[in-house]
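Structure record follows, encoded as structure tokens.
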RNA sequence: UGGGGUGUCGCCAAGCGGUAAGGCACGGGACUUUGACUCCCGCAUUCGUAGGUUCGAAUCCUGCCACCCCAGCCA
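Residue numbers (this note's numbering): 1434 to 1999.
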């Protein structure tokens, strides 16, 4: 658990602090209200950070409450997955686990109270008619002809609604507020609708279900929530939230605070579109490592610490914003750099033969698992006459500032010897197939001649004593903003509408290489930094003998950048 | 044209009348048996804009501009 100790603050915490200082609340109590209709993504991580973090910060309580007031959209399977993801992120609902649906009884009773108080009425208008009479943004609405029914008639009708006498859509319970309000949410909003449909929690106990605007404030008040954080689009609903609290005459009045939701460049963040990616088969599933879901990131090898750090660094404020993916990747690199074991693996192998090394002779070298953490131990690696290096680490005709291997050039093999390339065998197309090299036998790492400097150091693997493996290299799902096409009017196509056109065809690349034996024994989830290649995590799908690694994020590569600019 | 919000460095984001924090990105240098990491150094005379108040404003006032949200019996 973290955050509580952080000195960082935000506008929400200042409001909460003021409430405490003013004696408006004794014990901070927040709630996390996910709707169980999908998987949690990085955007939810911010909701969790805000709500759980606030409770932590003020030694308060956090309730986890599934906001399941609409049986048409919600499913039981998500309830478990969401809890799992929250725990993975490192948070616990110390205030308890709740379901919005368990308040259906209380919501119903309060609805009857509102009816008796003349604050709610049953309206027979069709959805279309109601829309017409609601008015527009600039013109006031008109009162429903059913607005002035007596409390008795309303009560009777409402009870019959509950009894199942009316089909879907025929009637609705409305709050009697003000059809001329400049805030459309206050123009007699619907409180209850008829929905003959079983609910994943309550079965067919109900055929009428409360709307979010009615249920949410009631749930908050009933649970003793002091601060109810939600996203900006609910600002217009706050007057209604407050109205419900007042109309129901709750003694406590939770305070709703709105903040901007998280957006990430090159990342799709709406549940609807994520669903489309899955359904149309653009990705393998909700937990595909390319998905911005917590499950996807977890599978990709991101640690919860990195995700939490990212959300905290991105900040909490009210301005609409889009955080650069680079910040997330920085957080992941920083986190993994400290905990990932160093290891060598060659993604695209190029054979090296040391002509001055005796055939059949091998040496066992010892390499540290982490340069800064000796407690992480060492490992043995075999060195011999035939090795593999990375194809990208050799160039027949190198440009200036190329620190790697080329004909006549020298490099150090990490933890081993300095070698010089004498001869290059090529295939019919002129591509190098084998490099004949000589090793400087006096240059062994740790030995007397080891001090000699060469410009480059390469990772390598012993040809015989290595394990074949598969690596999946991931790139962002969406192309750069620059790649957005223009329509005939010259306007850029909105990301949301045509994100399919922006999908990056290179978002996953599979390569087959060779890894040092230690990686063959890795356990699913183990994190490694492959020298100069990136941070990898053992994929859960991995099979013994032929491990599969996901590249979580690549290392910064100033050479690639320089080469690109040249 | 109604209502609710927001506009501070490429991207986030502090700032709450006393003379622009920090992070990411970027540029330069040192170090380096990972061109990584680390380490220095640089990076807004200016806070959407135009006025006003003040000894003094990003912070107060007024006008204007831009962007986001709202007309579900979704949440």
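Ideal Cβ placement from N, Cα and C applies to all residues, glycine included.
Asked	Found
So, is residue 1444 buried or exposed, given that buried needs 16 or more other C-beta atoms within 10 angstroms?	exposed
Smallest Cα separation from residue 1736: which of 1450, 1971 and 1641?	1971
I'd like to know whether the C-beta atoms of residue 1795 and residue 1813 end up nearer to each other than 8 Å.	no
Out of 1866, 1821 and 1869, state which residue places its alpha-carbon closest to the alpha-carbon of residue 1847.	1821
With which residues is residue 1786 paired in a DSSP beta bridge?	1819 and 1869
Run through the DSSP bridge pairs and tell me what residue 1942 is partnered with.	1906
Exposed or buried, residue 1962, counting other C-beta atoms within 10 Å across all chains shown (16 or more means buried)?	buried
My assumption, with CB atoms under 8 Å, is that residue 1940 sits in contact with residue 1973. Please give the rounded CB distance.	The Cβ separation is near 19 Å, so there is no contact.
Using beta-carbon positions only, say whether residue 1463 and residue 1715 come within less than 8 Å of one another.	no
Under 6 Å Cβ to Cβ from residue 1733, same chain only, skipping five residues before and after it: list those, please.	1722, 1983 and 1985
Return helix, strand or coil for residue 1477, following the three-state DSSP convention.	helix
Count the other C-beta atoms from every protein chain shown that fall within 10 angstroms of the C-beta of residue 1630, then say buried if there are 16 or more, exposed otherwise.	exposed
For residue 1762, is the classification buried or exposed, using 16 other Cβ atoms within 10 angstroms of its Cβ as the cut-off for buried?	buried
Please return the same chain residues whose Cβ sits closer than 6 Å to the Cβ of residue 1674, not counting the five positions on each side in sequence.	1650 and 1689
Quick one: grab the DSSP three-state call for residue 1716.	coil
Taking only runs that begin and end inside the region 1501-1576, name each unbroken alpha helix (DSSP H) of 4 or more residues, in chain order.	1509-1522, 1537-1549 and 1560-1566
Between the region 1763-1780 and the region 1947-1958, do three or more beta carbon pairs fall short of 8 Å?	yes
Buried or exposed for residue 1438, please, with buried defined as at least 16 other CB atoms from any protein chain shown within 10 angstroms of its CB.	In this predicted model, residue 1438 has a pLDDT of only 39, less than 50, meaning its place in the structure is not dependable; the value taken from the coordinates is given anyway. Its Cβ having fewer than 16 others within 10 Å, residue 1438 is exposed.
Give me the Cα-Cα distance between residue 1928 and residue 1667, rounded to the nearest whole angstrom.	In this prediction, residue 1928 has a pLDDT of 43, which is less than 50 and means its spatial position is unreliable; what the coordinates show is noted afterwards. Computed Cα separation, rounded: 23 Å.
So, is residue 1874 buried or exposed, given that buried needs 16 or more other C-beta atoms within 10 angstroms?	exposed
Which residues bound the beta strand (DSSP E) around residue 1643?	1641-1643
Determine the DSSP secondary structure at residue 1711, reduced to helix, strand or coil.	helix
Compute the distance between the beta-carbons of residue 2037 and residue 1892, then report whether it is under 8 Å.	Here the chain has residues from 1434 to 1999 only, and residue 2037 is not among them.
So, helix, strand or coil for residue 1836, using DSSP?	coil
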